[in-house]
Structures are given as C-alpha cells and as structure tokens.
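The opening residue of the sequence shown carries number 1 in the numbering used here; numbering runs sequentially from there. The beta-carbon is built from N, C-alpha and C at its ideal position, and this holds for glycine as well.
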Amino acid sequence: MDKSVLSVTLPTDSDTTTFKYTIDPEGLIAATQAAKYPGTTYNSETGVYFQTSDKNYTDKSAKLKVTNKGSVDADVTVAVSVADGSGITAMKAKNAFTEGGAAELYLGLLVNDAAAEAVTGVGDSGKLTKTVGLKGRPANFEVQYNSTDSKYVYAAKDGVADAAWNSFEFGLEGACNKKDDYSAENFAVPTVTVTWSYVEHPETGGADMLPENAANDVDPSIAVKEYDYDRTATFEITADFGAGDKAATAIKSVKIGADGNTFGTDLTSACVIEGNKITFPSGKLGSAAIGDKKYVQVTFDKGEAVVLTLTITK
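This is how it looks when you write it as structure tokens:
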C-alpha cells in the first residue's frame, strides 16, 4: 500500500484580487479623510494601500493560507512579479528610496512572521521566488477499506480539523517614494502577479522546513456558523471532528430552536448523518418567513455543542 499522499490546499484563483493595490504618493486620501471613499478606513504611511476587508485599506495585504493535508512533506513556492512598461522607474528594497524625480515602488513578500523579501525589478529578471517546506501529517491518516473498489486505501480520517494540519500564510506589503514625481502623462501603476505551486519534498535537499504548527488536540467544530437556508432544497453541513485526545467520533444530536439558547425540536432522526456530514431534508425547519432566523444546535460525543445561525432565504 502506498502511504505517500501529496495533498496541499492552495488559495483559489479568486484570491489573486487580494494583491490589488493603490498608490497615493501625495497622501491625498489621508489629507481628505478618504472623502472620495465614504465609510472606508485608509491606514498607511507608505503611500501604498491594499484592501484588507470590505471597508479597510492598509500598507499590508490580507494573507492567504496554504495547508499541507498530505502524509508527506511538500515544498511550496510563491512567486511575485511586476509587469514591465508602467510608469514606475525602479523597484526598490524597503527604505531604499532615492531623492529625485523618478517614480519608485517597493513590494515585499511576507511569509508567516519572517522579514519581508523585496521584488528587485520588473519582468522575469526581477521576479521574487520563495520556496518553503511544509511538513505532512501521517498521524491524520489511516488504512480504510473502499467497498466500491474492493480495495484498501490510505486516506485522511473523517472530519480532521483544519487546525490539525501544518500551514503557513503569505501576503504582500508595499511603499512608494513619496518624494518622487508621478506626474508623467499616462502614468500607470504596474500590475503585480502572484502565483503559487507545490511539489513533494525530495529525500535529499529541498526547501528548509517551516516549524510545525498543527495542533495535536483540537475540539470538534463547524467552521462556518451562519448559513442561508432554502426550505425547498436539502441542506448539508460539514463538521470538523477535531484531533487528538479532544477529537469526537460521532454526532449525537441535531436540534432546532427559535433562538440561540433553547432547542426544543429534535431533528436527529430526520437528518441523514454520515461521518462528519449532516444533511437536512427539505422543509424541516418549521414555519418561518423569508428573512427569519433559525438556530441549529449540533452536539458531538465530545466537546461543546456548536450553534449555527440559519437565515431563511426561500
């Protein structure tokens, strides 16, 4: 049996919007208290802004997460490049701007808590590439029998918590030379491209391993606590059973209530519970108007019960 499982969860294509940025070398946004963008908060002294939440912008982007959900170690590579042909005269290291009339930009890659590494130039020649090792977790796997294929397989245990895997986060920070001249006609801010990939860590050599941060003992949980609920369709919830001594092995009950404190209706027998998945048949949350909320209490055989908020949408 092959017990080498290479499986890394990467950010999705949509996450690339995390690295869109704005430059404001003259500080016009701060000087006007973001009058052009009502209700937003712009907090940066570097002249570069990334959107970190719906209404918040800072000089550091939000961070994206990479998780090794395999049994073997993996080398993960993040690459950052800046397009040529913009109005930027030079890419600079942090705090290395020059006096004069040239538009200069700094973009740095942040991996976990390590110091940022700068993009050194435009195009492929200036691309920054960073590779780190991420440990696998064979303790999260077990031998299983697949009756469909009549084969034994080595697979992850049901419902292993996300916190029980090793992971790291990465993002960007930025600054522009606020003493320089950005007034050239048709000035354009360069496009930044961030990519990510992985390979199995080789037996010899390879990237330096990041410290392990997987938790050995994790309470059972359900990551997303609010859902839209369509009463005309079935509805599925996936639970994390946790890990180690705190891990649950089963879901004991599913109850519903009109508030988040009292749960009088037991829906356990009406639901289909298979491993760590709960499927509600359609129309089982009782009478309610569109926009009303219902509350579901899920109890495991270990740990605290989890309460979910469901908003009726149909």
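query = Which of the three DSSP states, helix, strand or coil, is assigned to L64?
reply = Position 64 of the sequence shown, counted from the first residue, corresponds to residue 64. Residue state for L64 is assigned as strand, using DSSP reduced to three classes.
inquiry  = With DSSP as the reference, identify every bridge partner of I88, one or two as the case may be.
reply    = Taking the first residue of the sequence shown as 1, we reach residue 88 at position 88. DSSP output for I88 lists no bridge partner at all.
Checklist entry - Candidates L109, K20, G87, D24: which alpha carbon is nearest A188's? => result In the sequence shown, counting from the first residue as 1, residue 188 sits at position 188. Of the candidates L109, K20, G87, D24, the residue whose Cα lies closest to the Cα of A188 is G87.
Worksheet item: Under the DSSP definition of a beta bridge, which residues are partnered with C176?
Response: Here residue 176 refers to the residue found at position 176 when the sequence shown is read from its first residue. According to DSSP, C176 bridges with L105.
For this session: Report yes or no: do the segment 119 to 136 and the segment 198 to 214 share at least 3 C-beta pairs separated by less than 8 Å?
Result: With a cut-off of 8 Å, the segment 198 to 214 and the segment 119 to 136 count as touching, because enough Cβ pairs lie within range.
| field | Cβ distance (whole Å) where C271 is taken to contact T265 below 8 Å | value | Here residue 271 refers to the residue found at position 271 when the sequence shown is read from its first residue. Here residue 265 refers to the residue found at position 265 when the sequence shown is read from its first residue. That pair is no contact at about 12 Å.
- Query: How is the alpha helix (DSSP H) around A31 delimited, first residue to last?
  - Reply: Within the sequence shown, numbered from 1, the residue matching residue 31 stands at position 31. Taken as a continuous stretch (DSSP letters only), the alpha helix (DSSP H) holding A31 covers 28 to 31.
| field | Proximity winner among E142, G257, L28, relative to M1 (alpha-carbon distances) | value | For this step, residue 1 is matched to residue 1 along the sequence shown. Ranking the options by Cα distance to M1, first place goes to E142.
Residue span of the beta strand (DSSP E) that contains N146, given as start and end:
The sequence position of residue 146 within the sequence shown is 146, counting from 1. For N146, the enclosing beta strand (DSSP E) begins and ends at 141 to 146.
(Q) Rounding to the nearest angstrom, what Cα-Cα distance links G315 and D181 in this structure? (A) In the structure displayed, the chain extends from 1 to 314; residue 315 sits before or after that span and is not available.
Report task. Consult DSSP for F19 and reduce its assignment to one of helix, strand or coil. Result -> Here residue 19 is taken as the residue at index 19 of the sequence shown, counted from 1. In the structure shown, F19 falls within a helical segment according to DSSP collapsed to helix, strand and coil.
Taking the DSSP output, what are the residues bridged to E169?
Sequence index remark: in the sequence shown, residue 169 carries index 169 (1-based). DSSP output for E169 lists K65 as bridge partner(s).
Discussion item. I want to know whether the segment 247 to 261 touches the segment 297 to 307 - three or more CB-CB distances under 8 Å.
Written reply: Segments in contact, yes.
Contiguous beta strand (DSSP E) assignments of at least 3 residues, all confined to the segment 219 to 276
For secondary structure counted as the beta strand (DSSP E) over 3 or more consecutive residues, the segment 219 to 276 holds these complete runs in sequence order: 226 to 229, 235 to 238, 251 to 257, 272 to 274.
**Item:** Whole-number beta carbon distance between V72 and L10, since they are thought to touch under 8 Å
**Value:** In the sequence shown, residue 10 corresponds to position 10, counting from 1. In the sequence shown, residue 72 corresponds to position 72, counting from 1. About 16 Å; that fails the 8 Å criterion.
Within its chain, find whatever has a CB closer than 8 Å to the CB of A93; leave out the 5 residues flanking it on each side and keep chain order. Stepping through the sequence shown from its first residue, residue 93 is reached at position 93. These residues qualify, in order along the chain: Y106, A118, T120.
* Asked: Roughly how many angstroms lie between the CA atoms of N146 and R137, to the nearest whole one?
  -> Within the sequence shown, the letter at position 146 stands for residue 146. Within the sequence shown, the letter at position 137 stands for residue 137. Spanning the two alpha carbons is a distance of roughly 22 Å.
message: If you follow the beta strand (DSSP E) that T151 is in, where does it begin and where does it stop?
response: One-based indexing of the sequence shown puts residue 151 at position 151. Contrary to the premise, residue 151 reads as Lys rather than Thr in this sequence. Taken as a continuous stretch (DSSP letters only), the beta strand (DSSP E) holding K151 covers 151 to 156.
Practice item. Could you check which residue in Y21, K179, T77, T17 has the C-alpha nearest to that of E200? Key: Here the question's residue 200 lines up with position 200 in the sequence shown. In terms of Cα proximity to E200, the closest of Y21, K179, T77, T17 is T77.
*Run through DSSP, which three-state label would D75 get?*
Indexing the sequence shown from 1 puts residue 75 at position 75. Assigned with DSSP and collapsed to three states, D75 falls in strand.
Local Cβ density within 10 Å of K69, reported as buried at 16 or more and exposed below that = On the sequence shown, position 69 is the one that residue 69 refers to. Under this definition K69 is a buried residue.
Check: Per DSSP, what kind of secondary structure is G133 in: helix, strand or coil?
Finding: Here residue 133 refers to the residue found at position 133 of the sequence shown. Three-state DSSP puts G133 in a strand.
If distances are taken between C-alpha atoms only, which option among S14, L64, E45 comes closest to E26? Numbered from 1 along the sequence shown, position 26 holds the residue referred to as residue 26. Of the candidates S14, L64, E45, the residue whose Cα lies closest to the Cα of E26 is E45.
- Task: For the beta strand (DSSP E) holding I312, just list the boundary residues, first then last.
- Result: As a working note, residue 312 is residue 312 in the sequence shown. 306 to 312 is the span of the beta strand (DSSP E), which, as asked, contains I312.
Q) Are A156 and N140 closer than 7 Å when you measure CB to CB? A) Walking along the sequence shown from the start, residue 156 turns up at place 156. Walking along the sequence shown from the start, residue 140 turns up at place 140. Cβ atoms of A156 and N140: closer than 7 Å.
CB S55 to CB G39, shorter than 7 Å?
In the sequence shown, residue 55 corresponds to position 55, counting from 1. In the sequence shown, residue 39 corresponds to position 39, counting from 1. Sequence check: residue 55 is Lys here, not Ser. In this structure, K55 lies near G39, with their beta-carbon atoms less than 7 Å apart.
### Query
Does the Cβ of E203 have 16 or more other Cβ atoms within 10 Å, making it buried, or fewer, making it exposed?
Counted from its first residue, the sequence shown places residue 203 at position 203. So E203 counts as exposed.
Exercise. Which of the three DSSP states, helix, strand or coil, is assigned to S14?
Worked result: Reading the sequence shown from its first residue, position 14 is the one you call residue 14. When secondary structure is reduced to three states using DSSP, S14 falls in the helix class.
Exercise for review: Go through its chain and collect everything with a Cβ distance to N43's Cβ below 6 Å, but skip five positions before and after it.
Suggested key: Here residue 43 refers to the residue found at position 43 of the sequence shown. Excluding sequence neighbours, N43 sits near T58.
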